[in-house]
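So for the sequence shown, numbering that gives the first Met the number 0 puts the first residue at 0; every next one is plus one. Have a look at the structure below, then the notes.
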Amino acid sequence: MTQWTSTVGAAQLARQLQAQQPRPTGPAGRKPPAYRALADGVRLLVLEGRVPVAARLPAERELALALSVSRTTVAAAYEALRAEGFLESRRGAGSWTAVPAGNPLPARGLEPLPPESLGSMIDLGCASLPAPEPWLTRAFQGAVEELPPYAHTHGDYPAGLPALRQTIADRYTALGIPTMPEQIMVTTGAMGAIDAICHLFAGRGERIAVESPSYANILQLMRETGARLVPVAMEEGIGGWDMNRWRQALRDSAPRLAYVVADFHNPTGALADEQQRRDLVDAARSAGTVLVVDETMTELRLDPDTTMPRRVCAFDPAGSTVLTVGSASKAFWAGMRIGWVRAAPDVIRSLVSARAYADMGTPVLEQLAVNWLMGTGGWEQAVEIRRDQARQNRDELVAAVRRELPEWEFAVPSGGLTLWVRTGGLSGSRLAVAGERVGVRVPSGPRFGVDGAFEGYVRLPFTVGGPVAEEAAVRLAAAVELVRSGAGAGVDAPRSFVA
Ligand SMILES: Cc1ncc(COP(=O)(O)O)c(C=O)c1O
0 MTQWTSTVGA AQLARQLQAQ QPRPTGPAGR KPPAYRALAD GVRLLVLEGR VPVAARLPAE
60 RELALALSVS RTTVAAAYEA LRAEGFLESR RGAGSWTAVP AGNPLPARGL EPLPPESLGS
120 MIDLGCASLP APEPWLTRAF QGAVEELPPY AHTHGDYPAG LPALRQTIAD RYTALGIPTM
180 PEQIMVTTGA MGAIDAICHL FAGRGERIAV ESPSYANILQ LMRETGARLV PVAMEEGIGG
240 WDMNRWRQAL RDSAPRLAYV VADFHNPTGA LADEQQRRDL VDAARSAGTV LVVDETMTEL
300 RLDPDTTMPR RVCAFDPAGS TVLTVGSASK AFWAGMRIGW VRAAPDVIRS LVSARAYADM
360 GTPVLEQLAV NWLMGTGGWE QAVEIRRDQA RQNRDELVAA VRRELPEWEF AVPSGGLTLW
420 VRTGGLSGSR LAVAGERVGV RVPSGPRFGV DGAFEGYVRL PFTVGGPVAE EAAVRLAAAV
480 ELVRSGAGAG VDAPRSFVA
């Protein structure tokens, strides 16, 4: 059995190495030997997630040709990477990237802290906003009025309340994607939806292709179902999906599922264009892969002049290749715990059976509240409040970070709730530890990666604005100083990152 899940061609790797900025340098700025510079370059690509872990590297001869260096240089670089745990090789199977055993990088998701426990800590861990009142209160008042007929039933609706299934189906139909209520299952948040999908399609040992980086808690959920994650690197900036890479990953590893967040991706904020959506669906169909599209962020377009491409399911309206997951958590309020799946009726029937043994169904009152909102136009008004709040927070947070941390790099997304930040060569894991000491909780990059990538990143959410955003940036700058001075120890960073 091979140990690799994707491949990197020589020309592609050479391009990525040549585009690296700044180039890793030796001690005191001295130019390192060629093999050392090459090994450091590859290691940085792995740690930053641009080359996935478990990606097969080109043969020495091919890479030497592509880089115009001697084969001895490449052989020495591969040997150095092997010695440091960043490369594994087996005769006949080639060499593939790895992360050293015992690496301190966290593999867990993001556990929300109870708000009461935070004290004076600024929590940048959770990308969720408070409820857009008065709509939460109004929705529950409306729901209570509609409750009496349900009180006479047993109250278990594993597929969701018929009224809400119809309302959600009608919303897709209104977008030009004809949908029947039999194509909808209401779930306990998007997490509940993806949990049911993973249990139905991707048991122990199955492969799931994921964007690298991707949303931490979904990655963790997939790990816990025993699936093998196949990371597909995102392009730097807001462009996102490199279709050659996706086609190759789906062809090479034929995963059972692929999971993508095409609208305002968490954590990068990237938005897939229409061609990328069409190509993703085509590539998934050809590989026999079920494409799970998470639309949790879809309604959070923050820049009104950004044109929204068609939904991914518009390219597979029957819902046999594309399983769409939606949620009220980001557009409205995470405390509702309402999500849904849109898929072909037979897939929905199987999912309903799969979830019935987990949570039986979603609470009736919350379903009625979301149905009331969607039926009265309250939903649109609440989402507008949500967008205004997130846009203002984004702009204030960006300004504060630019002022306090000018060496941090990021692309400002046109929607969503997160800023994906390169921390100028500083270890994100150490920053997270130091942040706890100076009163800011920030998730480090590796939580959003597979097997230890993204050590040089942190994620900042658009949940704070004004003076709190400014204070958050001041505290992050204090955390940077702690790490630089060595006082932020307690977590060992991988070698290529500044301590
Ligand atoms: C992309 C994405 N999917 C799913 C979720 C979780 O959604 P829910 O609260 O509906 O379970 C989040 C929350 O941050 C998210 O960003």
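Even glycine gets a Cβ: it sits at the ideal position worked out from N, Cα and C.
For A36, no beta strand (DSSP E) segment is defined; the enclosing uninterrupted segment is the alpha helix (DSSP H) at 33–46. Distances between the C-beta of M221 and the heavy atoms of ligand 1 are all 7 Å or more.
In terms of side-chain proximity, the C-beta atom of Y258 is found no nearer than 7 Å to any non-hydrogen atom of ligand 1. Taking C-beta atoms as the reference points, T267 and E294 fail to come closer than 8 Å. Around the beta carbon of D345, fewer than 16 other beta carbons lie within 10 angstroms, which makes this residue exposed. Excluding five sequence positions before and after S69, the CB atoms of its chain that fall closer than 7 Å to its own CB belong to A63, given in chain order.
The C-beta of T152 has fewer than 16 other C-beta atoms within 10 Å across all chains shown, which makes the residue exposed.
Along the length of the segment 160–238, whole beta strand (DSSP E) runs at least 3 residues long occupy 183–186, 206–211, 227–232, reported in chain order. Judged by beta-carbon spacing, A468 lies beyond the 8 Å limit of W339, meaning their Cβ atoms are not closer than that value. For the pair V41 and A232, the CB atoms are not nearer than the 8 Å cut-off. DSSP, read as helix, strand or coil, puts S413 in coil. The beta carbon of A38 lies closer than 6 Å to those of A76, A79, L80 in the same chain, with the five residues before and after it left out. No Cβ-Cβ contact shorter than 8 Å links V363 with G188. Restricting attention to N243, L396, E383, V321, the CA atom closest to the CA of S5 is found in N243. In this structure the segment 381–394 does not touch the segment 245–255; the number of beta carbon pairs closer than 8 Å is below three. Contact between V143 and I337 does not hold, since their C-beta atoms are separated by about 16 Å, which reaches or exceeds 8 Å. Between the beta-carbon of I207 and that of L256 there is about 5 Å, and that keeps the pair under the 8 Å contact cut. For the 8 Å CB-CB criterion, P230 and V52 form a contact.
G376 sits exposed, since fewer than 16 C-beta atoms from the chains shown fall within 10 Å of its C-beta. Here the alpha carbons of A168 and T320 stand approximately 18 Å from one another.
Contact check for V311 against A261 passes: the beta carbons are separated by less than 8 Å. By the Cβ rule, the segment 444–452 counts as touching the segment 213–222, because three or more pairs are nearer than 8 Å. Closest by C-alpha distance to T172, out of G438, A313, M190, E480, is A313. Excluding the 5 residues flanking it on each side, A130 has same chain C-beta neighbours closer than 8 Å at F331, W332, G334, in chain order. In this structure, the beta-carbon distance from A58 to G8 does not fall below 8 Å. The segment 197–205 makes no contact with the segment 430–444: fewer than 3 CB pairs, one atom from each, lie closer than 8 Å. Residue environment for E298: buried (at least 16 other C-beta atoms within 10 angstroms of its C-beta). For R402 and A472, the gap between their C-alpha atoms comes out near 8 Å. Note that the C-beta distance between A477 and V437 is below 8 Å. Per DSSP, G464 is not a residue of any alpha helix (DSSP H), being assigned neither H nor E. Relative to ligand 1, even the nearest heavy atom lies 7 Å or more away from the CB of N392.
According to the DSSP assignment, L270 belongs to no alpha helix (DSSP H), since it is labelled neither H nor E. Under DSSP, G93 shares a beta bridge with R89. Comparing alpha-carbon positions, the option among S252, E234, D241, E235 lying closest to R227 turns out to be S252. A distance criterion of 7 Å places the beta-carbon of M190 in contact range of ligand 1, judged by its closest non-hydrogen atom.
Of the candidates V411, A398, G159, W371, W371 places its Cα closest to the Cα of E145.
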